[in-house]
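Chains A and B, in that order, give the protein sequences.
678 is the number of the first residue of the first sequence in the numbering used here; add one for each residue after it.
2 is the number of the first residue of the second sequence in the numbering used here; add one for each residue after it.
A virtual CB, placed ideally from N, CA and C, is assigned to each residue, including glycine.
See structure below.
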Amino acid sequence: MKTPSSPSPSPPSPSPLLQGTLDLLILRALSTGEMHGLGIARRISQITRGAFDVKPGSLFPALYRMEERGWLASSWGESENRRRAKFYVLTRAGKRQLRTETAEWGRVALAIRAALETP
Amino acid sequence: MTRGGPGPDGGRGGREGALHDELESWLSLRTDELIAGGLDPREARRRASIELGGAEQVKESVRDVRRGRLLEQTLRDVRYAVRGMVRSPGFTAAAVLALSLGIGASVAIFSVVRAVLLRPLPYREPDRLAVLLHRGSNPTSPANFLDWRRESRAFADMGAAEYWVPNLTGAGESESVRALRVTAGLLPMLGVSPQLGRLFVSGEDEPGRDRVVILGDGLWRRRFGADRGVVGRTISLDGEKYEVVGVMPRDFDFPVFWAKGRELWAPLAFGARASSRTGFSLRVFGRLAPNATLAAARAEIASITAGLERRYPGTNREVTVTSLPEAVVGDIRPALLVLSGAVGLLLLIGCANVAHMLLARGAARRREVALRSALGATRSRIVRQLLTESLVLSVSSGVAGVLLASAAVRGLAALAPAFLPRVEGVSVDPVVLAFGVALALATGAVFGLLPALDASRPDVAAALRQGERGSSSSVGRMRGVLVASEFALAIVLLVGAALLARSFLGLRRIDPGFRAEGVLTLTVSVAGTAQAEPSRRGGFYERLLEAVRSAPGVRTAGMINHLPLAGDIWGLPYDIEGRPAAAPADSPFATYRVVLPGYFAAMGIPLRSGRDVRSSDRSGAPGVVIVNESLARRDWPGESALGKRISFDSEDGRPLWRTVVGVAPDVVRSSWTEKPEPEAYLPYLQERNYLERPGSHFQYMTLVVRTQGDPAAAAASLRGVIAAQDPAATVSEVQTMSHVVADATADTRFYLILFAFFAAAAAALAGIGVFGVVSYAVSRRTREFGIRLALGAGRRDLVAMVVGESMRVALAGSAAGVAAALALTGLMRGLLYGVGARDPATIAGVALVLAAVALVASWLPARRASRVDPRTALQAE
């Protein structure tokens, strides 16, 4: 997906996101409670210390896909500054998915670190 | 797609609307954020829009997520599958080979079945057309035909056709043309139209008006350069002038079960023959009346012929009414169905083979599958991916199979022999291609589903722990069942092939009554020449025979009107001296042969008793006849036929008696396996039909020459001898008798070749199946073997153990196969000769052969197991 470049405020240059990674990050961002799309993007930027800046062009497709898989549920509500917004929340399946993916990611990360550290 | 307001995520329109609102909402929230960061509202709005990257684009990619996910995943799966196939070329080659053999053979046979059985005959309502013949295959007489046509109500129309081979002269070399004389209404009754000109009109089958012809497309192109102005021109046939009135289209052929490949049609004018009840030369065709059924027509014809039989005893026995499609394909249908079954079995074996190869691979890939499902892939997603892999495999095999089939179809058409009706229409056309594609997809699903379901079992943790060793016992059982089924299917095919091989050997052992080796036959026609004059014909053939006998390389020569196996069959009723007229149903009837001296010697037919005809047996001398053993046995059982008298003809109400001077052995008649029928051989020089009748049926004879060297090589010099006697005489159907015999057994040979090919492929696939499974099992069990060796097991024990395990599977399969063969080979009974469909020796032999295959296929990998070094084996995994 081509997105017009936008000035990014974060110091480390944002990395392209792997598909599985984005799902995991969205699940993680929502683990603290319901959030609208922009809120999720902000939260991901925050918890990855600015490493990932999620553009709407990747965010919304991911949200719709995850909702179709039954990991997320959504409802319309009002934002903190009284704008209408669609809020997302983790379903039980979403919470389970977060646990599975976290564990799997841990294994993969460990394996990759081990691989990289092997002389 | 409609754009609705914000609402519940109901229909698609609602969802699309919700997406629009959500993006609007994102835009306002982001604008607010940027304003809070210090930008002015317009600039903030602009910046937010840029970040959104075009609302439509985002929407499109969200839509893609829904709509395109399937396609995208499928493409990814296909790419992945292709990469996988390329990475393991051995596996891929084996799988594609197994499947493309099965698919290719199936497509090839289907193309034949389609052309021969499924495509309707190219006439209007072909199912309403019927053929009327005596005893299913014999022609009838003009008077009979005319009576049937007049009295029948069940048939709206009836027509008759008669074999005709005129000499076409003028405009190039003279040539014998395969033609047919037909009653004027016959072609219109078929519901066909000419490409040029017209069909015959009513009344053109009256003498005097019958000098008109219709050309076939082939003859029109060959002899008349496809000249559209040919209609109205006059051509010369047998020296008579005929006006061309029409040209038939290229695909027109009639009739299709007998006298195929006719190229010219002329009216059949009976004239004085209209009252003949003894000249049996007509094939009769009818179109059922609108409300009549075939059964009603049969009943009606039976009552009509019974009435005629009472009035004219001995002339109307057993008329068979067959629907035309049945007459065309009736004999061939069971054979083609058996062949279809055989290729189906071969395809199933191919599928079973690939299925267990995939199972083996699936077991090795359990870890990969487990990882994918751990990463969130659902089971259906994984099954879909694995199914895609098998479909990619089967579609590649389908492509290879169709290529194979189009080569095979050309081969089949070449191998296929005259006996296969409509074989010229066999081709790989779009329908056949569609069949191939459907077959490929179906096979992909059949052999792919089981391994896919197995590999995707949601036993993630166990699989990850087990790793590649995770070939569970249920998979082992499944693979055992697959290999056993391969053996069962292979047994059925091999039994079929073996039965056909034995039939073929049996056929080769049949004594046709003559010695075919070293004999050349040529049909010499005098039609249209100066020799056609009845008074000159006999003299011409006698002189020709003398000249041929003294030609170099000729040992002996004779002539006959209709050659066994290759010639026409005419029948003639006769009376026996001293016996009252027999009951009509039993009145004697003999195949009518007319010979010149030397025929029996040239054909290598040793007379059982008596003598050959001589040149002194001519008109004026006492009448003689030679009969075959069937006739002698029927009419004079237990006594000698020599000296008895029979009569085929009468003069002024008094029978013309002929004395039996010789008894010939039974000789095969029109087909190789047919039961012998009574036959009578009349001397040409005493036979009034041949000496006096002007009809063109009596204007050709077949020269039979026994040569010293290769008979085929004598053809050219013999043509020279004939031309020296009369350059205008035409020579046709030059063939060795061995060739005639090969043609007569061509059908069994054809089935045998196909079955042998299928069976060899089946045995090879079953062997490969065992080899693959045992090799795989051996490689998985290296550690176990190491332990056994370390614990003191002998290497021979290991081999025996491995071979024993696979033999149990093979034997179980073979037992099932023998049971299936016993149940199924009955279907082939019609194709067999001289061997029972359940011949125990054949079945036992086949089972032994396959057991040997299994033994070798498991012994090879088992030997490897025994060479395991215990130390390395124990370290393995």
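Name the residue from the options whose alpha carbon lies nearest to the alpha carbon of residue i.
i: Ala275(B); options: Arg150(B), Ser175(B) and Thr170(B); result: Arg150(B)
i: Gly426(B); options: Leu122(B), Val482(B) and Leu792(B); result: Leu122(B)
i: Leu372(B); options: Glu794(A), Ala791(A), Arg790(A) and Ala780(A); result: Ala780(A)
i: Ala1(B); options: Ala155(B), Arg796(B) and Gly247(B); result: Only positions 2 to 878 of chain B appear in the structure, and residue 1(B) is not among them; the question remains open.
i: Arg278(B); options: Gly204(B), Pro143(B) and Lys242(B); result: Pro143(B)
i: Arg357(B); options: Met604(B), Glu806(B) and Gly773(B); result: For clarity, residue 357(B) is His in the given sequence; the question names Arg instead. Closest by alpha carbon: Gly773(B).
i: Arg224(B); options: Arg182(B), Glu241(B), Leu191(B) and Gly171(B); result: Gly171(B)
i: Ile769(B); options: Gln726(B), Glu578(B), Met802(B) and Val857(B); result: Val857(B)
i: Leu289(B); options: Leu348(B), Ala157(B), Phe436(B) and Lys676(B); result: Ala157(B)
i: Leu169(B); options: Ala227(B), Trp221(B) and Ser237(B); result: Ser237(B)
i: Thr444(B); options: Val482(B), Leu392(B) and Ile492(B); result: Leu392(B)
i: Gly412(B); options: Gly519(B), Pro326(B), Asp618(B) and Ala109(B); result: Ala109(B)
i: Ala813(B); options: Phe488(B), Leu349(B) and Ser101(B); result: Phe488(B)
i: Gly624(B); options: Ala633(B), Ser671(B) and Leu683(B); result: Leu683(B)
i: Pro574(B); options: Val742(B), Gly611(B), Tyr685(B) and Asp650(B); result: Asp650(B)
i: Phe201(B); options: Arg789(B), Leu188(B), Gly192(B) and Arg311(B); result: Leu188(B)
i: Ile492(B); options: Met159(B), Ile606(B), Ala848(B) and Ala853(B); result: Ala848(B)
i: Val329(B); options: Ala303(B), Leu265(B), Tyr124(B) and Leu686(B); result: Tyr124(B)
i: Pro714(B); options: Gly204(B), Glu806(B) and Gly554(B); result: In the sequence under discussion, the amino acid at residue 714(B) is Ala, which differs from the Pro named in the question. Comparing Cα-Cα distances from Ala714(B) to each of Gly204(B), Glu806(B) and Gly554(B), the minimum goes to Gly554(B).
i: Glu44(B); options: Pro256(B), Ala855(B) and Leu28(B); result: Leu28(B)
i: Asp667(B); options: Glu652(B), Arg635(B) and Val83(B); result: Arg635(B)
i: Asn354(B); options: Val819(B), Asp653(B), Phe92(B) and Ala822(B); result: Phe92(B)
Kindly list the residues whose CB is nearer than 6 Å to the CB of residue i, restricted to its own chain and excluding five residues on each side of it in sequence; keep chain order.
i: Gly827(B); result: Ala838
i: Glu244(B); result: Val213 and Thr235
i: Val447(B); result: Cys352
i: Gly468(B); result: Confidence is the limiting factor: at Gly468(B) the pLDDT is only 45, short of 50, which leaves the residue's position unreliable and the question unanswerable from this model.
i: Leu388(B); result: Gly449 and Ala453
i: Asn758(A); result: none
i: Arg13(B); result: Per-residue confidence for Arg13(B) stands at a pLDDT of 42, beneath the threshold of 50, marking its modelled position as unreliable; no derived number is given.
i: Arg742(A); result: none
i: Ser690(A); result: Note that Ser690(A) scores a pLDDT of 44, beneath 50, so its modelled location is shaky and nothing firm can be said.
i: Ala517(B); result: Met738, Ser739 and Val742
List the residues of chain B that residue i touches, going by C-beta distances under 9 Å, in chain order.
i: Tyr765(A); result: None at all; the shortest Cβ gap to chain B is about 10 Å.
Quick one: which chain A residues come within Cβ less than 7 Å of residue i?
i: Ser407(B); result: Those within 7 Å of Ser407(B) in chain A number zero; the least Cβ separation is about 44 Å.
Could you tell me which chain B residues have their CB closer than 8 Å to the CB of residue i, listed as they occur along the chain?
i: Gly727(A); result: Those do not exist, as Gly727(A) stays about 16 Å from chain B at its closest Cβ, beyond 8 Å.
Could you work out which residues of chain B lie near residue i, taking near to mean beta carbons separated by less than 7 Å?
i: Gly714(A); result: Glu23 and Trp27
i: Gly734(A); result: Gly54, Gln58, Val59 and Ser62
Once you ignore the five residues that flank residue i on each side, which residues in its own chain have a CB closer than 8 Å to its CB?
i: Trp782(A); result: Leu701
i: Arg538(B); result: Val527, Gln532, Tyr691, Leu692, Phe699 and Gln700
i: Glu52(B); result: Arg31
For residue i, collect the residues of the same chain with a Cβ closer than 7 Å to its Cβ; drop the 5 residues on either side in sequence, then sort them by chain order.
i: Glu152(B); result: Ile305
i: Ala770(A); result: Gly747 and Trp748
i: Val113(B); result: Leu337, Leu413 and Val427
i: Val432(B); result: Arg115
- [ ] Please list the residues of the segment 12-41 of chain B that have a C-beta atom closer than 8 Å to any C-beta atom in chain A, keeping them in chain order.
- [x] Those would be Ala19, Leu20, Asp22, Glu23, Leu24, Ser26, Trp27, Ser29, Leu30, Arg31, Asp33 and Glu34, in chain order.
TODO: Run through the segment 732-770 of chain A for me and flag every whole beta strand (DSSP E) of 3 or more residues, listed as ranges in chain order.
DONE: Counting whole runs of 3 or more residues, the segment 732-770 of chain A contains the beta strand (DSSP E) stretches 749-755 and 761-767.
Task: Complete alpha helix (DSSP H) runs within the segment 813-867 of chain B (minimum length 4 residues, chain order) - done: For the segment 813-867 of chain B, whole alpha helix (DSSP H) runs of length 4 or above, ordered along the chain, are 841-867.
Open item on the list: Residues of the segment 748-779 of chain A in Cβ contact with chain B at a cutoff of 8 Å, in chain order, please.
Closed with: The segment 748-779 of chain A vs chain B, Cβ under 8 Å: Ser751, Trp753, Ser756, Asn758, Arg760, Arg761, Ala762, Lys763, Gln774, Thr777 and Glu778.
- [ ] Could you name the residues of the segment 47-64 of chain B whose beta carbon sits closer than 7 Å to any beta carbon of chain A, in the order they occur along the chain?
- [x] Under the 7 Å Cβ criterion, the segment 47-64 of chain B contributes Ile51, Glu52, Leu53, Gly54, Gln58, Val59, Ser62 and Val63.
Open item on the list: Ignoring anything shorter than 3 residues, give me the beta strand (DSSP E) runs that lie fully in the segment 677-732 of chain B, in order along the chain.
Closed with: Under the rule that a run must span 3 or more residues, the beta strand (DSSP E) segments found entirely inside the segment 677-732 of chain B read 680-684 and 701-708.
Task: Inside the segment 117-166 of chain B only - alpha helix (DSSP H) runs reaching at least 4 residues - done: Complete alpha helix (DSSP H) runs here, min 4: 143-152.
Task: 3 or more residues per run - each beta strand (DSSP E) lying fully within the segment 548-591 of chain B - done: If we require 3 residues or more, the beta strand (DSSP E) runs fully inside the segment 548-591 of chain B come out as 555-561 and 572-574.
TODO: Give, in chain order, every unbroken run of the beta strand (DSSP E) that is at least 3 residues long and sits entirely within the segment 176-253 of chain B.
DONE: You should have 180-183, 213-216, 235-238 and 241-248.
Open item on the list: List, from N- to C-terminal side, the beta strand (DSSP E) runs of 3 residues or more that fit wholly inside the segment 267-306 of chain B.
Closed with: Here the runs fully enclosed are 284-289.
Task: Whole runs of the alpha helix (DSSP H) within the segment 758-813 of chain B, excluding any shorter than 4 residues - done: Whole alpha helix (DSSP H) segments, 4+ residues: 783-791.
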